[in-house]
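Chemist: From first to last, the protein sequence lines stand for chains A and B. Here the first sequence is numbered in our numbering, starting from 562 and rising by one per residue. Here the second sequence is numbered in our numbering, starting from 3 and rising by one per residue. Note that beta-carbon positions come from the ideal geometry of N, C-alpha and C, so glycine has one too. Before I ask anything, let me first share the structure, which is written out below as structure tokens.
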Amino acid sequence: NAGVTQTPKFQVLKTGQSMTLQCAQDMNHEYMSWYRQDPGMGLRLIHYSVGAGITDQGEVPNGYNVSRSTTEDFPLRLLSAAPSQTSVYFCASSTSSGANVLTFGAGSRLTVL
Amino acid sequence: QQPVQSPQAVILREGEDAVINCSSSKALYSVHWYRQKHGEAPVFLMILLKGGEQKGHDKISASFNEKKQQSSLYLTASQLSYSGTYFCGTLHMDSNYQLIWGAGTKLIIKP
Chain A
562 NAGVTQTPKF QVLKTGQSMT LQCAQDMNHE YMSWYRQDPG MGLRLIHYSV
612 GAGITDQGEV PNGYNVSRST TEDFPLRLLS AAPSQTSVYF CASSTSSGAN
662 VLTFGAGSRL TVL
Chain B
3 QQPVQSPQAV ILREGEDAVI NCSSSKALYS VHWYRQKHGE APVFLMILLK
53 GGEQKGHDKI SASFNEKKQQ SSLYLTASQL SYSGTYFCGT LHMDSNYQLI
103 WGAGTKLIIK P
């Protein structure tokens, strides 16, 4: 009964490096999303997907790419990391949309130097 | 437009009551409440729907005031386990089924 699994839990990057944050869920949820959480700002939606092959931008998509080739996986790619992308990233899933009950992963703390 | 949560932080003694408010400048369709403990993921508490009834979850309940575009979360006889940051997420008719999140209210319960 894993729920939503995120890897890695911690990552340190240098400016300009690229990396992928992994997210997998085993609940057969159609909806998956990525948020970033910064102090005093709550959760901000980066990208989301309502099913395999379908993705859309959220509030803060710049500098991030996503794809959804399977129902289970929704990786988040940072193309050229910048210090402004230092944050805690959460992946979340639900049965059908962002308006349903969201199940969050444990989070990935990213530091860009 | 991000909903406004108040207060930003509150410190209580175990057994005391607390109220956390979430206000929006736009018409609300629903309000979602989550709690996040330090270093952990947010966990769902409840959803308040427009025109719906007040919801309850153990000694945590919430109300939805459509006219004021506001929801309030009530924590009664608080327990140490209630400590954490409470977030409201608001859903609007034009938000494409995506929540807009408040900045959070940090609740500290002392024994």
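1) Provide the residue(s) that pair with Pro44/B in DSSP beta bridges, ordered along the chain.
2) Please classify Ala653/A: is it buried, with 16 or more other beta-carbons within 10 angstroms of its beta-carbon, or exposed?
3) Taking beta-carbon pairs under 7 angstroms, can you tell me which members of the region 580-602 of chain A lie near chain B?
4) Measure the alpha-carbon distance for Pro113/B versus Tyr84/B and round it to whole angstroms.
5) Do the region 568-577 of chain A and the region 586-606 of chain A meet, that is, are 3 or more Cβ pairs less than 8 angstroms apart?
6) By the three-class DSSP mapping on this structure, what secondary structure does Gln7/B have?
7) Relative to the C-alpha of Leu671/A, which candidate in Arg629/A, Leu637/A, Thr616/A, Met602/A has its C-alpha closest?
8) According to a CB-to-CB cut-off of less than 7 angstroms, which residues of the region 637-668 of chain A neighbour chain B?
9) Give me the DSSP bridge partner(s) of Ala585/A.
10) For the pair the region 75-94 of chain B and the region 13-33 of chain B, tell me if three or more CB-CB distances fall below 8 angstroms.
11) Look at the alpha carbon of Val12/B and the alpha carbon of Gln72/B, and state the distance between them as a whole number of angstroms.
12) The beta strand (DSSP E) with Met593/A in it runs from where to where?
13) Between Gly612/A and chain B, is the shortest Cβ-Cβ distance under 9 angstroms, so that the two count as touching?
14) Given that a residue counts as buried once 16 or more other Cβ atoms are within 10 Å of its Cβ, and exposed if not, what is Val45/B?
15) Please say whether Arg15/B and Ile111/B have beta carbons closer to each other than 9 angstroms?
16) What span of residues does the beta strand (DSSP E) with Gly115/B cover, start to end?
17) Taking one C-beta from the region 657-669 of chain A and one from the region 638-647 of chain A each time, how about it: are there three or more such pairs within less than 8 angstroms?
Modeler: Here's the rundown:
1) Gln38/B
2) buried
3) Gly601, Met602
4) 12 angstroms
5) no
6) strand
7) Leu637/A
8) Phe651, Ser658, Gly659, Ala660, Val662, Leu663, Phe665, Gly666, Ala667, Gly668
9) Thr566/A, Asp634/A
10) yes
11) 19 angstroms
12) 592-598
13) no
14) exposed
15) yes
16) The structure shown does not extend to residue 115/B, since chain B is modelled only from 3 to 113, so the question has no answer here.
17) no
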